[in-house]
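To start, the structure itself, in structure tokens.
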Amino acid sequence: TFKPVDKITLNYSTFFGNDKPDDVKQMRIYHNVYGHFMLSDKFHFMAGFDIGFEQASTDSDQYYQWYSPVLMAKYFLDEKWSITGRGEFYSDPNEVIIITSTENGFQTSGFSFGIDYRILDNAVWMIEGRKLSSKDDIFLKEKETINSNICLTTSLAVSF
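My numbering puts the first residue of the sequence shown at 8, with every later residue one more than the last.
If you want it as structure tokens, here you go:
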């Protein structure tokens with residue numbers, strides 16, 4: 008993590024190794040990079056990108072790739088309330104991370120809008136509406152699969 012100035016945080020994380028059982032041994036290389044920018048006291052912006060590569064099989068020279076860019080903006084209405092918008096895309100056509108058993112693998116874009124309420128300095132209640140759209144029909148609705156999903160979620164986050 009690098010902070011060139013107080014209002015900018017840049018981060019790079021990586022993983023090299025095998026996350027499978029010892030007898031499988033498939034090399035994985037994963038990178039996560041993001042920047043968090045406090046453009047003002049009320050407006051924050053974050054941009055991130057994940058990319059990974061994994062051997063197709065043990066001793067293979069072929070690697071499968073997946074990646075995911077994300078953009079997020081947060082606006083603080085006051086000390087307690089904030090609103091957040093996020094846009095994201097996830098491409099995993101070879102189903103390394105997410106298995107769909109469909110023609111195009113997991114290739115999904117999404118956007119969300121949320122509102123947060125800071126209950127205490129270490130506790131935030133969040134409500135988020137999110138829409139995901141996929142290249143294939145991967146979402147279950149009743150007894151059929153469709154290519155999009157809309158959901159409303161709520162959560163309580165507490166830090167110690």
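By construction, the Cβ of each residue, glycine as well, lies at the ideal position given by its N, Cα and C atoms.
{"Check": "Residues in its own chain within less than 7 Å of Thr-107 by CB, not counting five upstream and five downstream?", "Outcome": "Phe-113, Asp-143, Ile-145"}
{"Check": "State the DSSP-derived secondary structure class of Ala-63, mapped to helix, strand or coil.", "Outcome": "coil"}
{"Check": "Which word fits Gly-92, buried or exposed, when buried means at least 16 other C-beta atoms lie within 10 angstroms of its C-beta?", "Outcome": "exposed"}
{"Check": "Distance, Cα to Cα, Val-12 vs Phe-52?", "Outcome": "15 Å"}
{"Check": "With DSSP as the reference, label Val-31 as helix, strand or coil.", "Outcome": "coil"}
{"Check": "Answer with buried or exposed for Trp-73, where buried requires no fewer than 16 other C-beta atoms within 10 angstroms of its C-beta.", "Outcome": "buried"}
{"Check": "Taking DSSP as the reference, what is the three-state secondary structure of Gln-69?", "Outcome": "coil"}
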